[in-house]
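Numbering (the numbering used here), first residue to last: 272 to 533.
Note that CB positions come from ideal geometry on N, CA and C, so glycine has one too.
Here is the structure we will look at.
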Amino acid sequence: MAPVTDRFEPALEQILAFCAQDPVERVFLEDVARRRLGRFTAFGDDRSLTALCHVGANVVPSGEGCGRFAEAAARGRARMIIGDERAVTELWDVLAGLLPPPRDDRPGQPVYAISEPPPPGDTGLRAATEHDFELLLPACAAAHKEEIGVDPMARDPDGFRWRTRSQIAEGRSWLWLEDGAIRFKAEASAWTPSAVQVQQVWVDPAERNHGYAHRGMRDLCRMLMRDVPSVCLFVRPENAPAIRVYEGIGMHRHGSYRSLIF
Numbered sequence: 272m273a274p275v276t277d278r279f280e281p282a283l284e285q286i287l288a289f290c291a292q293d294p295v296e297r298v299f300l301e302d303v304a305r306r307r308l309g310r311f312t313a314f315g316d317d318r319s320l321t322a323l324c325h326v327g328a329n330v331v332p333s334g335e336g337c338g339r340f341a342e343a344a345a346r347g348r349a350r351m352i353i354g355d356e357r358a359v360t361e362l363w364d365v366l367a368g369l370l371p372p373p374r375d376d377r378p379g380q381p382v383y384a385i386s387e388p389p390p391p392g393d394t395g396l397r398a399a400t401e402h403d404f405e406l407l408l409p410a411c412a413a414a415h416k417e418e419i420g421v422d423p424m425a426r427d428p429d430g431f432r433w434r435t436r437s438q439i440a441e442g443r444s445w446l447w448l449e450d451g452a453i454r455f456k457a458e459a460s461a462w463t464p465s466a467v468q469v470q471q472v473w474v475d476p477a478e479r480n481h482g483y484a485h486r487g488m489r490d491l492c493r494m495l496m497r498d499v500p501s502v503c504l505f506v507r508p509e510n511a512p513a514i515r516v517y518e519g520i521g522m523h524r525h526g527s528y529r530s531l532i533f
């Protein structure tokens, strides 16, 4: 079958088959496709996709020859281009002349995954509830600012409050609360039948350096792996303390991401 040279909007089953080839690297793409939240464009033929791109608040390319998505990506007002490092680099090599320079460029972000439950962390980790919202909101904002470099409560307070509340309502937020302090919290940025991608791992600054992140991650992975075979995340390469936690609980490298933040 000859490849289709023009971009096209793929069907859900095509997206799922493409993501199944690497369910960790493509966990976000599969998640938004299953939830019917994303706009997708693709290259391939009638049998399979060779490249796929989500175009929205985040532009997420994957596959071969992702520079071909530059025209579609340029039309959006993405806050971030993120994904497999090779795919993002291919896209940005073409797109750079069409967009202003990013505020931050983060190549070489290790992607970690685990498929064997680690030992118990013996924490009080639990799913967050609506009653935790006012406590979690500033913690989530602080985690976002540490990771992205932007205070979401200054940039888009209503949108961030809505997203934080939605994560709680969808069962995608967890915390370990002790004496009013957050010893560990995290959210799921993507969830599929094959993997959960964790984001915004955070410990109250006053509670740090006591091993709580290590224990919390162990219990979070064990909790999630009752439902999915793998837990994954990505991290900035200079974040040595976080890398020590992830490698210390048995996570292994699974490629690398690049993020362009505008």
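When you compare only the Cα positions, how much space is there between Ala513 and Val506?
8 Å
Nearest-angstrom Cα distance between Gly451 and Tyr517?
26 Å
Sort Ala341, Glu342, Ala328, Cys324 by Cα distance to Gly334 and report the nearest one.
Closest option to Gly334, Cα to Cα, is Cys324.
Note down, in chain order, each residue of its chain lying with its Cβ closer than 8 Å to the Cβ of Thr360, except the 5 sequence neighbours on either side.
Cβ neighbours of Thr360 beyond the five flanking positions: Pro378, Arg529.
When DSSP builds the beta bridges, which residues end up paired with Pro332?
Note: Pro332 sits in a beta bridge opposite Cys324.
So, are the CB atoms of Val502 and Val474 less than 8 Å apart?
It is not a contact, given that the beta carbons lie outside the stated cut-off.
What's the C-alpha gap between Gly338 and Asp293?
20 Å
Please report the straight-line C-alpha distance between Val382 and Phe299, rounded to a whole angstrom.
Looking at the two C-alpha atoms, the distance is approximately 13 Å.
Whole angstroms are fine: how far does the CA of Arg305 sit from the CA of Val330?
17 Å
Can you tell which of Leu408, Cys492, Ala322, Gly487 has its C-alpha closest to the C-alpha of Gly354?
The candidate whose alpha carbon is nearest that of Gly354 is Ala322.
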